[in-house]
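Following: one structure in structure tokens, then a few remarks.
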Ligand code: ES4
Ligand code: ZN
């Protein structure tokens, strides 16, 4: 209880949260009703009882199905504002948020509605709650390269509302180099680049090598398997690369404990990492405070280590000087 209070009181930053993964069951029902859509669940409890996964694909199927209620700019506003309000209530001062526009474009929702709604919510939350945020467009890596390029092209007119592009969804047989052209185009537009290298995926060390060496990404999402490669650890340290670790995700999705203590291993290896929530609405509504309480216990983090992690987290961000000042 003392540790939970200590964690709640710390000023924090979050770098790995999927906006669509913050869509709580209650809001899903409200948006379905507003948009005249039928959901195959009697109530919130029945919907939450369906959130059962045993691997990444079985999780992603439920996650993509759930986001179909998002139709209008107002829906994206409401979703983003709710996450930012929750984050602000947990003393998160700064957040970089992923979103998956290809899924929304597929349903005929225009990019302007998606980015416009999120951007309005970010501005309102900054003004009303003091939380600063930026937006990372993720390529859904198991969709086609053409679909990803179309999403990037549709987003470039809104380049000022984005800080980076990333790579998420099912990693199996979809290596980072599949998106070399997309990353190059995003970079040329002044965007940062990051990629999910999920824990214990097929060919994961090769994916890390591609991301760090071939594509020279600016950050890695997850990435715990780097502990298997001294060469890549050295390369990551030389570049001061940050890893956005989500210590509860693989446990929740697979229903077992993560096979290795990634947080402890990465700290002891001298790597830069941040601790993050990933998809809180699908992970028992555990947001960053709850994740940190679990990580503290699981990895035996001291208060000094927690403070160092959160102070260092403010160096992981892609804020310009004006934004950085606003976070202090
Ligand atoms: C995701 Cl690869 C992955 N992991 C967790 N959440 C996600 N949302 C989209 N892709
Ligand atoms: Zn993720």
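In mature numbering (1 follows the signal peptide of the UniProt record, and there is no 0), the protein residues as written are 8 to 335. Glycine included, each C-beta is placed from N, C-alpha and C at the ideal position.
Rounded separation between residue i and residue j - CA only
i           : j           : result
residue 74  : residue 327 : 31 Å
residue 282 : residue 256 : 11 Å
residue 191 : residue 234 : 28 Å
residue 246 : residue 146 : 24 Å
residue 80  : residue 38  : 12 Å
residue 223 : residue 248 : 10 Å
residue 163 : residue 67  : 26 Å
residue 78  : residue 53  : 23 Å
residue 151 : residue 50  : 35 Å
residue 84  : residue 42  : 15 Å
residue 207 : residue 334 : 34 Å
residue 124 : residue 105 : 14 Å
residue 331 : residue 325 : 9 Å
residue 197 : residue 321 : 21 Å
residue 31  : residue 288 : 5 Å
residue 305 : residue 280 : 16 Å
residue 229 : residue 103 : 15 Å
residue 292 : residue 55  : 10 Å
residue 214 : residue 169 : 25 Å
residue 242 : residue 216 : 10 Å
residue 118 : residue 8   : 44 Å
Residue i burial status per 10 Å Cβ neighbour count (16 or more: buried)
i           : result
residue 166 : exposed
residue 19  : buried
residue 232 : buried
residue 220 : exposed
residue 329 : exposed
residue 141 : buried
residue 6   : Residue coverage of the chain in this structure runs from 8 to 335, which leaves residue 6 outside it and unanswerable.
residue 27  : buried
residue 315 : exposed
residue 238 : exposed
Paired residues, beta bridge with residue i - DSSP
i           : result
residue 226 : 201 and 249
residue 145 : 173
residue 101 : 20 and 139
residue 255 : Per DSSP, none; premise fails for residue 255.
residue 106 : 144
residue 25  : 105
residue 281 : 251
Rounded distance between the beta-carbons of residue j and residue i, thought under 8 Å
i           : j           : result
residue 300 : residue 10  : 7 Å
residue 29  : residue 90  : 4 Å
residue 22  : residue 218 : In fact, because the Cβ distance is near 16 Å, the residues do not count as touching under 8 Å.
residue 277 : residue 244 : 6 Å
residue 225 : residue 25  : Residue 225 to residue 25, Cβ: 19 Å. No contact.
residue 252 : residue 270 : 6 Å
List in chain order the residues whose CB is within less than 6 Å of at least one heavy atom of the ligand ATP.
As for the ligand ATP, it is missing from this structure, which binds only the ligand ES4 and the ligand ZN.
Okay, do the segment 122-129 and the segment 36-53 touch, 3+ Cβ pairs below 8 Å being the bar?
With the cut-off at 8 Å, the segment 122-129 and the segment 36-53 do not touch.
Could you tell me whether the segment 180-195 touches the segment 56-64, using the rule of 3 or more Cβ pairs below 8 Å?
These segments do not touch.
How about the segment 150-161 and the segment 187-203: do they share at least three Cβ pairs that are nearer than 8 Å?
The segment 150-161, when compared against the segment 187-203, does touch it at the 8 Å Cβ threshold.
Whether or not the segment 91-100 and the segment 203-221 are in contact is what I'm after, with contact meaning three or more pairs of Cβ atoms, one per stretch, closer than 8 Å; do they touch?
Because the criterion of three Cβ pairs below 8 Å is not met, the segment 203-221 and the segment 91-100 do not touch.
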